[in-house]
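Written out below as C-alpha cells is the structure these notes cover.
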Amino acid sequence: MSEPGAGVLGIFGGTFDPLHVAHLRLAIEAREALGLAGVCFIPAGSPALRDAPQCSAAHRLAMVERALAAVPGFSIDAAEVLTAAPGPSYTVHTLERLRRLHGDRRPLVLLLGADAFARLESWHRWRDLFGLAHVAVATRPGHELRVDAGETALDAEISARRGTAADLAGAPAGRIVPFAITALEISATGIRRRLAAGLSARYLVPDAVLDYIDSHQIYRTPHGH
Ligand code: ATP
C-alpha cells in the first residue's frame with residue numbers, strides 16, 4: 161500500500177494486464193526526470209474506457225507485486241483492484257482518495273503515456289484532475305505532446321498549464337509537464353497475443369512476471385483464466 165510521506169509522489173495507474181517493461185521504464189525515467197520521491201502503482205479495478213481485463217484482479221495485482229519487489233522507491237496501492245466495487249474505476253475518484261490520504265499540500269503527479277493523455281477529454285470529470293494533481297506526460301518519437309493552436313479544450317489546458325519538472329515541487333497540483341522516455345513499442349495487448357499464440361514474452365515482461373504467467377498458465381489460451 162502507499163504510505164503518506166514527503167516529497168513529490170508519482171501516481172501511475174494502469175490495467176497492467178500484464179505489467180511489462182515499458183511500464184517499469186516509464187516509472188523509472190519519470191522518477192529520474194521529474195525528481196520524484198517515489199512512484200505509486202495503482203492497478204485499475206474495472207477500467208472505464210476499455211474492455212474488461214483478460215486476467216483477474218488478483219493475478220494482475222500479483223504480477224505488479226512480483227515486478228516491484230526488486231525496485232526501491234516504488235509502492236503499490238491495491239485499494240481499487242481489491243474492492244469489488246461495481247462500475248468502472250475513474251482516475252478522478254482515485255486522485256480524490258489519494259488527496260485525502262496525502263493531505264492538501266503534497267505534490268502529486270499523475271503519470272500518463274502520451275497516447276493516454278491524448279484521450280483525456282473522454283475521461284470522467286477530466287478538468288477536475290488538474291485541481292487534484294499535476295499531470296506528467298511521457299513522450300517518445302511519434303507520441304509527443306502536441307498543441308494545435310488552442311483547437312481543443314485540452315489544447316487550451318496545455319497552453320495554460322505547461323511547465324517543467326522544476327515547477328512540480330512548488331505546488332500540489334495543476335501543471336502539465338512533458339518528459340521524454342526511451343521509446344519501447346511494447347503493449348500488454350501484444351504480449352497477450354504472443355502468449356495466446358504460444359510465443360515467448362521473455363524480456364518483454366520482467367522474469368518474475370513471466371514465471372508467474374507460466375506457473376498459473378494465464379494468457380496461454382485465447383480466453384485466459
Ligand atoms: P493494453 O495493450 O492492454 O491497452 P498497455 O500496454 O497500454 O495495455 P496499460 O496498463 O493500459 O498498458 O497502460 C498504463 C499506462 O502505461 C498508460 O498511461 C499507457 O499510456 C502507458 N504505457 C503503456 N505502454 C507504454 C509504452 N510502450 N510506452 C510508454 N507508455 C506506455
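So the sequence shown is numbered by the working numbering: it starts at 161 and just counts up by one. Cβ atoms here follow ideal geometry from the backbone N, Cα and C, with glycine treated the same way.
Looking only at its own chain, which residues have a Cβ that is under 6 Å from the Cβ of residue i, when we skip the five neighbours before and after it?
| i | result |
| --- | --- |
| residue 285 | 252 |
| residue 280 | 286 and 314 |
| residue 342 | 185 |
| residue 241 | 203, 205, 217 and 221 |
| residue 238 | 221 |
| residue 340 | 299 |
For residue i, report the span of its beta strand (DSSP E) as first-last.
| i | result |
| --- | --- |
| residue 174 | 169-174 |
| residue 140 | Because the chain is modelled from 161 through 385, residue 140 falls outside the range shown and cannot be assessed. |
| residue 231 | Note, residue 231: premise wrong, no beta strand (DSSP E); not H, not E. |
| residue 203 | 198-203 |
Which residues in the same chain have their Cβ closer than 7 Å to the Cβ of residue i, if we skip the five residues on either side of it in sequence?
| i | result |
| --- | --- |
| residue 304 | 274 |
| residue 370 | 361 and 362 |
| residue 384 | Reliability fails at residue 384, whose pLDDT of 41 lies under 50, so the model's placement of it is uncertain and no value is given. |
Out of curiosity, what's the CA-to-CA distance linking residue i and residue j?
| i | j | result |
| --- | --- | --- |
| residue 195 | residue 168 | 7 Å |
| residue 137 | residue 225 | Not covered by the structure: residue 137. The range shown for the chain is 161 to 385. |
| residue 216 | residue 380 | 14 Å |
| residue 287 | residue 375 | 43 Å |
| residue 191 | residue 262 | 18 Å |
| residue 320 | residue 291 | 13 Å |
| residue 293 | residue 328 | 10 Å |
| residue 307 | residue 171 | 24 Å |
| residue 199 | residue 311 | 33 Å |
| residue 332 | residue 212 | 33 Å |
| residue 358 | residue 223 | 20 Å |
| residue 250 | residue 282 | 11 Å |
| residue 260 | residue 295 | 18 Å |
| residue 368 | residue 345 | 21 Å |
| residue 227 | residue 373 | 12 Å |
| residue 325 | residue 193 | 7 Å |
| residue 289 | residue 366 | 31 Å |
| residue 270 | residue 349 | 23 Å |
Could you pull out every residue in the same chain whose Cβ sits closer than 8 Å to the Cβ of residue i, ignoring the five residues on either side in sequence?
| i | result |
| --- | --- |
| residue 354 | 360, 361 and 364 |
Taking the alpha helix (DSSP H) that residue i belongs to, which residues open and close that run?
| i | result |
| --- | --- |
| residue 183 | 181-194 |
For the region 328-383, which segments carrying the beta strand (DSSP E) assignment without a break, of at least 3 residues, lie completely within its bounds, in sequence order? Complete beta strand (DSSP E) runs here, min 3: 336-340.
Would you list, in sequence order, the uninterrupted beta strand (DSSP E) runs of no fewer than 3 residues that lie entirely inside the region 242-300? Counting whole runs of 3 or more residues, the region 242-300 contains the beta strand (DSSP E) stretches 268-273 and 294-299.
Can you confirm whether the region 165-183 touches the region 311-320 when touching is taken to mean that 3 or more C-beta pairs between the two stretches lie within less than 8 Å? The count of Cβ pairs closer than 8 Å, one atom from the region 311-320 and one from the region 165-183, stays below three, leaving the stretches out of contact.
For the region 327-339 against the region 170-183, do three or more pairs of beta-carbon atoms, one drawn from each stretch, fall closer than 8 Å, so that the two count as touching? Result no; under three Cβ-Cβ pairs closer than 8 Å.
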